[in-house]
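0 is the number of the first residue of the sequence shown in numbering that gives the first Met the number 0; add one for each residue after it. Every residue, glycine too, gets a C-beta built ideally from N, C-alpha and C. Given the structure is predicted, the values throughout are model-derived calculations rather than measurements.
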Amino acid sequence: MAFVEKAKKAALWFAKTYWFYIGLAIFVVIARFAPNFARHGGLIRAEYTIGYGAVAVIFLGSGLSMGTKQLMANMANWRAHTVVLVLQFLITPAIMYGFCSAIKAAHNPQIDDWLLVGLIVTACCPTTVASNVVMTRQADGNELLTLSEVFIGNMLGAFITPALCQMFFRGAWEFGNPANGSSITRVYRDVMQQIGCSVFVPTFVGQVVQNLFPKQTKWFLTTFRFNKVGSFMLLLVMFSSFSTAFYQHAFTAVSHASIILVCFFNVGIYMLYTVICFAVSRPIFLKKLPEPAGQGGAYAWFHKTVAPFYYDRPDTVAVMLCGAAKTAALGVSLVSAQYGDKNEYLGQLLVPLVLYQSEQVLCAGFLTRFMKMWIHAEDRDKEVESDSA
0 MAFVEKAKKA ALWFAKTYWF YIGLAIFVVI ARFAPNFARH GGLIRAEYTI GYGAVAVIFL
60 GSGLSMGTKQ LMANMANWRA HTVVLVLQFL ITPAIMYGFC SAIKAAHNPQ IDDWLLVGLI
120 VTACCPTTVA SNVVMTRQAD GNELLTLSEV FIGNMLGAFI TPALCQMFFR GAWEFGNPAN
180 GSSITRVYRD VMQQIGCSVF VPTFVGQVVQ NLFPKQTKWF LTTFRFNKVG SFMLLLVMFS
240 SFSTAFYQHA FTAVSHASII LVCFFNVGIY MLYTVICFAV SRPIFLKKLP EPAGQGGAYA
300 WFHKTVAPFY YDRPDTVAVM LCGAAKTAAL GVSLVSAQYG DKNEYLGQLL VPLVLYQSEQ
360 VLCAGFLTRF MKMWIHAEDR DKEVESDSA
């Protein structure tokens with residue numbers, strides 16, 4: 000009996016600790032055998048019920064829990080916006096383009112060229128909408144900064160991503176150039192509608208409710224554990240992406256070798272992106288800059304301008320999560336709009352995007368524990384210093 004009780008407790012602990020990953024596995028199985036249920040345009044019209052509804056719930060929680068003054072301060076943080084945008088639309092796509100060009104140059108017949116095109120398109124996409132906020136919250140990072148980057152990145156991504164695709168797909172990659180300018184107008188409309196309805200409106204409503212009813216809002220968030228609700232909504236977003244991919248026969252359109260390559264490559268490239276984001280967020284040379292001797296002068300102005308580019312730990316976590324992540328919710332719309340819903344290679348194009356989304360969530364979920372420990376280690380160090388003083 001004692002063994003049975005221990006087994007029950009262990010199983011319960013495992014379910015409570017890893018419920019997100021268990022739920023993801025269940026949803027992937029459902030998506031495999033019933034893809035029409037949660038695909039875009041399917042039974043529940045997931046592009047609205049999940050693409051808008053589930054994402055809106057996540058950002059409603061953000062609006063209810065964040066202070067208005069702090070949110071405005073983070074929206075004005077132009078340094079962080081510049082760094083994240085450079086990482087999103089310059090550094091990460093360039094690295095992916097280099098790797099994919101090297102793989103293509105190897106002329107391996109088992110690796111589908113259109114799959115490599117999908118990897119490049121994935122790297123050109125803006126940061127993800129939902130998982131960044133959820134993961135930053137779990138790591139105790141700067142959720143306000145993450146929300147700002149999500150809003151700005153996805154607004155600009157509607158214009159920048161198609162332009163990047165046109166730039167990269169030349170020469171040896173000419174076959175992958177969408178060259179479908181007439182459809183880009185629809186992409187702009189869809190993105191503006193998506194960001195407005197699922198990000199801006201729920202965040203604004205949450206801010207209004209929080210400022211009008213602060214005590215009731217705090218009770219609501221604590222009682223109903225809204226953080227867990229946000230994580231479940233993220234599962235629904237991933238469920239919809241997998242359902243769409245399975246319905247498009249994305250995973251059967253390419254070889255097993257290509258799928259295995261993408262799975263391992265995505266994990267490696269996400270970790271590489273994360274390390275680069277960390278290095279860019281906390282450049283060592285900025286810590287070694289000497290303090291200016293006086294208030295005036297060119298060096299004092301230079302130091303005042305560049306020193307804030309060395310971010311504190313909560314901001315660094317936000318930059319790491321935003322810089323390395325790529326959206327699938329808007330990415331599917333961008334791919335479909337550029338290449339057409341009936342494109343024979345749509346399945347190959349969607350595989351890297353859908354797999355990258357799920358793997359970045361798994362990797363981020365693993366890393367957030369260490370990020371949280373790293374953030375609070377600084378707090379403990381400050382407490383020790385104050386006690387010794």
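Exposure label - residue i; buried when at least 16 CB within 10 Å
| i | result |
| --- | --- |
| V207 | exposed |
| L210 | The question names Leu, but residue 210 is Asn in the sequence shown. N210 should be labelled exposed. |
| M319 | buried |
| T145 | buried |
| I159 | buried |
| Q69 | exposed |
| M232 | buried |
| R78 | exposed |
| W113 | buried |
| K8 | exposed |
| K325 | buried |
| I21 | exposed |
| H39 | buried |
| G195 | exposed |
| A327 | buried |
| Q347 | buried |
| A323 | buried |
| A244 | buried |
| L86 | buried |
| Q215 | exposed |
| I57 | buried |
Residues near residue i by beta carbon distance below 6 Å, same chain, minus five either side
| i | result |
| --- | --- |
| G364 | none |
| M65 | L143 |
| S197 | Y51, V54, A55 |
| S242 | A30, P34, A37, R38 |
| N141 | P313, D314, A317 |
| G60 | F225, G229 |
| S147 | N73, M74 |
| E46 | H39 |
| S257 | I110, D111, L114 |
Of the residues the options, the one placed nearest residue i, counting alpha carbons only
| i | options | result |
| --- | --- | --- |
| V279 | F263, V83, F369, G66 | V83 |
| A157 | T135, N131, C124, A101 | C124 |
| T91 | I268, K286, T243 | I268 |
| Y310 | K286, K325, F225 | K286 |
| S240 | L11, A323, I49 | I49 |
| V261 | H375, Q356, G195 | Q356 |
| V331 | A317, L349, G322, D314 | L349 |
| N433 | K15, G22, I151, G60 | Because the chain in this structure spans residues 0 to 388, residue 433 falls outside the shown range and cannot be described. |
| V28 | M237, E343, Y298 | M237 |
| G41 | F58, Q247, M134, Q137 | Q247 |
| P351 | I259, M372, G62 | I259 |
| S130 | Q165, V305, L235, A10 | L235 |
| V149 | T126, M134, A162, L163 | T126 |
| L163 | C276, V334, M370 | V334 |
| M71 | T202, A6, T135, I94 | T202 |
| M134 | F369, F2, K214 | F369 |
| T81 | T367, C276, Y344, A376 | C276 |
Unbroken alpha helix (DSSP H) run spanning residue i, endpoints
| i | result |
| --- | --- |
| L42 | Where L42 is concerned, there is no enclosing alpha helix (DSSP H), given that its DSSP letter is neither H nor E. |
| D314 | 312-323 |
| G267 | 255-280 |
| Q165 | 142-167 |
| W172 | Where W172 is concerned, there is no enclosing alpha helix (DSSP H), given that its DSSP letter is neither H nor E. |
| R224 | First-last for R224: undefined, no H or E at that position. |
| I49 | Element bounds for I49: n/a, residue is neither H nor E. |
| K7 | 1-16 |
| H106 | Careful: H106 lies outside any alpha helix (DSSP H) and carries neither H nor E. |
| K68 | 67-74 |
| D112 | 112-123 |
| H80 | 77-85 |
| H248 | No alpha helix (DSSP H) holds H248; DSSP gives it neither H nor E. |
| Y344 | Note, Y344: premise wrong, no alpha helix (DSSP H); not H, not E. |
Same chain only: Cβ atoms within 8 Å of residue i, ignoring 5 sequence neighbours per side
| i | result |
| --- | --- |
| S181 | Low confidence applies to S181: its pLDDT is 49, below 50, so where it sits in the model is not reliable, and the reading given next is rough at best. None. |
| R169 | N176 |
| V266 | E358, C362 |
| I405 | There is simply no residue 405 to check, as the chain begins at 0 and stops at 388 in what is shown. |
| M191 | M154, A157 |
| T251 | G346 |
| V305 | L285, L288 |
| K371 | Q137, A138, D139 |
| I43 | F36, A37, I49 |
| H302 | L288, E290, P291 |
C-beta neighbour in chain B for residue i, strict 7 Å
| i | result |
| --- | --- |
| Q356 | Judged by its chain identifiers, the structure shown contains no chain B, having just a single protein chain. |
Chain-order list of residues whose beta-carbon lies under 7 Å from that of residue i (same chain, five-residue window excluded)
| i | result |
| --- | --- |
| I102 | I110, L115 |
| F88 | I159, L163 |
| R281 | Y309, Y310, T315 |
**Study point:** Stretch-stretch touch, CB-based, cutoff 8 Å, three pairs: the segment 110-124 with the segment 166-180
**Key:** Yes, since at least three Cβ pairs between the segment 110-124 and the segment 166-180 fall closer than 8 Å, the two stretches touch.
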